[in-house]
Amino acid sequence: MSGISVTPQPFALAGPPPAQAELLWQWRYTGTGIAACGTLTTTATTNADGNYLISGITGSRNGEAIAGLEPAGDAIPGNSGYPVDNLISRGGQLTVAGFGYATAAGNYANPYYANYLRPAVDQEVFTQPASSGFSEVPIAFRAERVPGVTVATAAPGVPGDMLSLHVIQAPRSGTLSLYGMTVQYVPGTRAHSQLETFSFDLQDRHGKATPVVTVIAAGDGSRTVTGAASGHTNVSLGNGNDVVTLAGSDNAVTLGSGFDVVNGGRDDAINLAGNATLAIHGTDEMVFAGKGNVTIKDFSTGLRLDIGPASGHDVMTGFLSDPSAVIGLAGGVGEYTDTAAVLSALKDDGHSGTLLPLGGNGWLDLVGVAPSQLHDANFQIG
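Here this note's numbering is used: the first residue of the sequence shown is 50, the next is one more, and so on.
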């Protein structure tokens, strides 16, 4: 089989999830005399309008268990003429039609966005067909995606050969699924702050297997995590002050806000979200994609830092103390065509440092490095 490519991908970050994969959401809303909450399962990709299609629902409303989802295109009983679309936006907002569900007691609810009101608000239509009950009141609705992890794996050794998922260490909760050549893990509905560690490989019909992939995933909280000695470790953590120690090669780390430290490893991929500080010790090549304001502290020797699409203010210290450090601009970042264009774009940051525009509102600040101290050898395109 060809080599493995491990890509951490909490669904809040950029990058397409595997075909047929799903997202898990936590939702809740409250209103006068109303308290409803639960989970939604949606498609992993949006439609042309930027909305996800809801395919499943769990939870309760005022103590009544939710029995199921009203089919898209149908109105809930008692609210004829107002069909639901069972869509939710990227940011977790309701659509004008909203979604519908039935409760175990035989009642129905349709939370939706009332854009005809001034000001526009979220509302719930609640019907009780058995007693002809009907109410429509404003609500405060909120939905957030539960971070999942997708891992891109090796192609079959024989083109067209089928792969099977071989779970070596199963997660304590949640689901682990194979979609084509991609494995997806979606946490269970219990507390997502608990650390999950599991491992697997993929096997073809001829008995050949990919390298064993170890996945370490958790929500918010500060943790110290050690990857597998063989490498191929996928670490996906939420907000907090995390210390991740890697070994081997082809590791992938996704971290939220906080002060995060990454030690060791080779050919590693790092994704950061929120306002994060990343301290790098020992990794020789790192692919970095930042969403938010990120501080990078280089304590390595000969670090190659590949910067993917980024937004916000990224600050890097220690660049001068690593004379062999190279910044790679991947994926068309900054639309630079050669290193000469990079050097001509460098600006003094006003504090004896250098600003490198990354396109859009993104830029990298190299602290303590004057533009005149940077040369072609410090940058690489692609």
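For glycine and all other residues, C-beta sits at the position ideal for the given N, C-alpha and C. Note that the structure is a prediction, hence the values are computed from the model and not measured.
Using DSSP's beta-bridge definition, name the partner residues of residue i.
i, result
"Ile83", "Gly80"
"Met365", "Ile345, Leu415"
"Asn159", "Val174"
"Ile188", "Gly80, Asp171"
"Tyr228", "Thr231"
"Ala266", "Glu245, Ser285"
"Tyr150", "Leu118, Ala158"
"Ile430", "Leu378"
"Pro406", "Trp412"
"Gly38", "Residue 38 is absent from the structure shown; the chain starts at 50 and stops at 431."
"Gln218", "Ser248"
"Val261", "In DSSP, Val261 forms no bridge with anything."
"Ser213", "Gln252"
"Ile275", "Ile is not the amino acid found at residue 275; the sequence shown has Thr there. The partner list for Thr275 (beta bridge, DSSP) reads Thr294."
"Glu193", "Gln75"
"Asp397", "Thr403"
Between residue i and residue j, is the Cβ-Cβ spacing less than 8 angstroms?
i, j, result
"Phe247", "Val232", "no"
"Gly105", "Thr94", "no"
"Gly276", "Leu295", "yes"
"Trp74", "Thr88", "yes"
"Ala116", "Pro132", "no"
"Ala258", "His215", "yes"
"Asp171", "Ala154", "no"
"Val292", "Val302", "no"
"Leu404", "Ile376", "no"
"Val186", "Gly80", "yes"
"Ile430", "Asp371", "no"
"Asp269", "Asn290", "no"
Just the C-alpha distance for residue i and residue j, rounded to the nearest angstrom, thanks.
i, j, result
"Gln252", "Val235", "22 angstroms"
"Met211", "Arg254", "7 angstroms"
"Val382", "Gly408", "6 angstroms"
"Ala240", "Gly108", "The predicted model places Ala240 with a pLDDT of 48, which falls under 50 and marks its position as unreliable, so this point remains unresolved."
"Gln218", "Pro120", "37 angstroms"
"Ser271", "Val284", "13 angstroms"
"Gly351", "Asn135", "51 angstroms"
"Asn111", "Asn156", "11 angstroms"
"Trp76", "Gly99", "19 angstroms"
"Val274", "Leu244", "10 angstroms"
"Leu118", "Cys86", "14 angstroms"
"Asn96", "Asp123", "19 angstroms"
"Gly149", "Ile125", "6 angstroms"
"Tyr3", "Asn410", "Not covered by the structure: residue 3. The range shown for the chain is 50 to 431."
"Gly402", "Leu378", "19 angstroms"
"Leu423", "Asn300", "29 angstroms"
"Ala426", "Ala374", "9 angstroms"
"Tyr78", "Ala169", "16 angstroms"
"Ala390", "Pro406", "11 angstroms"
"Asn164", "Leu227", "40 angstroms"
"Tyr162", "Arg191", "12 angstroms"
"Val364", "Asp398", "11 angstroms"
For residue i and chain B, any beta-carbon pair shorter than 8 angstroms?
i, result
"Phe190", "In the structure shown, chain B cannot be found, because there is only a single protein chain."
Residue i: which of the options sits nearest, CA to CA?
i, options, result
"Gly127", "Asn135, Thr176, Ile356, His424", "Thr176"
"Pro160", "Thr92, Val391, Gln142", "Gln142"
"Phe348", "Thr107, Leu369, Asp355", "Leu369"
"Ala419", "Ile430, Gln429, Gly411, Thr366", "Thr366"
"His281", "Val264, Asn288, Asp291", "Val264"
"Glu193", "Ile430, Ser138, Gly289", "Ser138"
"His362", "Thr224, Asp414, Thr273, Asp371", "Asp414"
"Tyr101", "Leu166, Glu384, Glu71", "Glu71"
"Ser421", "Ala179, Tyr385, Leu395", "Leu395"
"Ala158", "Gly256, Ala84, Arg221, Gly140", "Ala84"
"Thr144", "Phe183, Ile103, Ala179, Ser129", "Ile103"
"Ala179", "Ala151, Val261, Phe428, Arg221", "Ala151"
"Arg221", "Ala267, Ser181, Val262, Ser213", "Ala267"
"Gly256", "Gly289, Thr386, Ser213", "Ser213"
"Val416", "Lys346, Asn300, Asp425, Ile376", "Lys346"
"Phe183", "Ser129, Leu227, Asn164, Tyr162", "Ser129"
"Ser393", "Phe428, His400, Gly399", "Phe428"
"Trp412", "Leu225, Leu166, Ile356", "Ile356"
"Gly140", "Thr344, Val364, Val195", "Val195"
Entirely enclosed beta strand (DSSP E) segments - the stretch 69 to 145, minimum 3 residues: 71 to 80, 83 to 92, 100 to 110, 113 to 118, 136 to 138
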